[in-house]
Amino acid sequence: MAGVEDFNPHFDSSTTALEVLEGLDLTGVRVFITGGNCGLGFETVRALALHGAHVFLGCRDTETGQKAVREIEREQEGIKCEVIQCDLSRLASVRHAALSLRNRLNERKLDVLILNAGVSLRPFEVTEDGFEMTYQVNHLAHMYLTLLLSPLLERGSRIVSLASGAHQWSTFGEELSEEDISPTSPTTAIGPMWYKEAYGNTKLLNILMTNVLHHRWFQSRGILANAVNPGEMIHSNLTRNSWIVWLSSLALRLFTRNLEQGAATTVLVAVSPDTAGVSGCYFENCNIKTQDSSSKTPSAAAQNLELAALAWKLSMRLLVKATKGTIPQIPDEFLKDGMSGF
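Take the position in the sequence shown, starting the count at 1, then add 419; the result is the number in my numbering.
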């Protein structure tokens with residue numbers, strides 16, 4: 420971790436994204452976010468755009484992306500938002516999105532990359548790329564996108580990976596295989612246990628990937644990488660695949676945060692001067708959390724650098740096999756020494 424001693428928290432779980440950004444002018448700041456058309460992602464885009472950032476929304480459905488942009492435009496004229504199709508369940512779409520962004524920016528610096536999109540409560544399903552759906556959308560496609568956009572990341576750029584306290588549900592041990600990174604068959608009966616395991620494992624993978632990016636890039640390139648737990652939110656679209664969860668969540672409304680509050684930690688880590696030198700950390704409720712914190716997050720596994728290096732190596736191996744011969748290619752930087760993680 421870096422910059423922890425200089426971080427002075429003055430926000431908490433009740434803070435909203437707009438409150439974090441109060442007084443900030445983000446004109447000229449270029450941001451790419453996956454899943455920015457709805458839920459938590461939309462509130463993140465809204466807050467950034469209203470403060471002047473140029474936000475690119477990577478959306479599976481461009482129509483809903485354009486609808487989201489129009490909604491923000493009704494609130495404030497002159498915002499700078501562009502929609503790029505990015506279907507994380509198809510690596511070909513991820514490649515196209517990365518190439519489109521690089522062309523639109525003319526290979527200029529990308530200031531912030533927010534890996535926000537995700538799925539949960541999905542039945543076992545294999546994508547056209549040969550990966551299990553939840554593992555591809557939540558982890559492998561985001562890692563692939565980060566690799567393809569790495570030429571745009573320069574000193575001061577920030578990577579924000581949306582994790583979750585659910586990473587503590589992970590069933591990973593100290594030894595991993597490719598089957599752990601993307602199961603070829605359900606490891607438990609389809610139902611609640613599968614949903615819990617798949618989501619927990621992918622959220623742990625998000626944190627482990629962020630740790631590797633920090634160790635690879637912070638000292639050598641000055642790029643910041645942090646993981647964020649936005650908290651539990653009733654209105655998050657992550658649970659849109661289950662009416663049972665949606666119905667039961669109504670009773671818990673008073674005990675959860677709204678999306679404006681959920682987006683606060685993301686924008687704090689993404690653009691706030693308070694986090695300008697912070698990297699390799701796990702944020703929750705606008706604060707840095709360690710294993711010694713009262714929240715007991717992140718887990719010991721999330722801080723295991725050997726596990727992070729192994730997960731990176733296996734993920735790289737899977738991505739290289741799945742994308743061989745495609746353009747744009749994974750940069751040589753990762754093909755030469757990236758297979759080992761650090």
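Even for Gly, the Cβ is constructed at its ideal location relative to N, Cα and C. Quick caveat: nothing in here was measured; it's all calculated off a predicted structure.
The residue from Asn620, Leu532, Cys705, Thr606 with its alpha-carbon nearest to that of Pro649 is Cys705. Beta-bridge pairing by DSSP links Phe451 to Phe475, Leu532. A distance of 9 angstroms or more separates the beta carbons of Leu572 and Leu534.
The segment 493-505 and the segment 545-554 do not touch, with fewer than 3 CB-CB distances between them shorter than 8 angstroms. In summary, Lys708 is buried, with 16 or more beta-carbon neighbours lying within 10 Å of its beta-carbon over all protein chains present. In the DSSP annotation of this structure, the continuous segment of the beta strand (DSSP E) that includes Val579 starts and ends at 577-581.
Here Asn522 carries a helix assignment [DSSP, helix/strand/coil]. Between the C-alpha atoms of Met562 and Met628 there is a straight-line separation of about 8 angstroms. A check of alpha carbon separations from Leu724 across Trp636, Asn630, Gln748 identifies Asn630 as the nearest. A distance below 9 angstroms separates the beta carbons of Asn625 and Ala582. Of all alpha-carbon atoms in Ser433, Leu524, Glu616, the one lying nearest the alpha-carbon of Leu678 is that of Ser433.
Taking C-alpha positions only, Thr621 is separated from Asn557 by approximately 6 angstroms. Residue pairing by DSSP puts Ala644 in a beta bridge opposite Ile578.
The alpha-carbon separation between Met612 and Pro542 amounts to approximately 11 angstroms.
With respect to the 9 angstroms criterion, His634 and Asn645 are not classified as neighbours on the basis of their beta carbons. Pairing Gly477 with Gly460, the inter-Cα distance amounts to about 10 angstroms. With 16 or more other Cβ atoms inside 10 Å of its own Cβ, Ile642 counts as buried.
Secondary structure note for Gln555: it is in no beta strand (DSSP E), with a DSSP letter that is neither H nor E. Nearest to Gln638 by C-alpha distance, out of Val579, Gly575, Leu623, Pro605, is Gly575.
Contact between the segment 436-445 and the segment 726-741 is absent, with fewer than three C-beta pairs closer than 8 angstroms.
In summary, Asn427 is exposed, with fewer than 16 beta-carbon neighbours lying within 10 Å of its beta-carbon over all protein chains present. Per DSSP, Glu496 is not a residue of any beta strand (DSSP E), being assigned neither H nor E. Only residues of its own chain outside the window of five on either side were considered, and among them Ile498 have a CB closer than 7 angstroms to the CB of Glu492, listed in chain order. Arg640 is positioned such that its CB atom lies no closer than 9 angstroms to that of Asp530. Going by C-alpha positions, Phe702 is about 29 angstroms away from Leu737.
Exposed is the label assigned to Val423, since fewer than 16 other Cβ atoms lie within 10 Å of its Cβ.
Shown here, Ser601 sits in coil according to DSSP, grouped into three states, outside any helix or strand. Nearest to Glu462 by alpha-carbon distance, out of Ala536, Ala585, Gly696, Leu510, is Ala536.
The C-beta of Ala511 has fewer than 16 other C-beta atoms within 10 Å across all chains shown, which makes the residue exposed.
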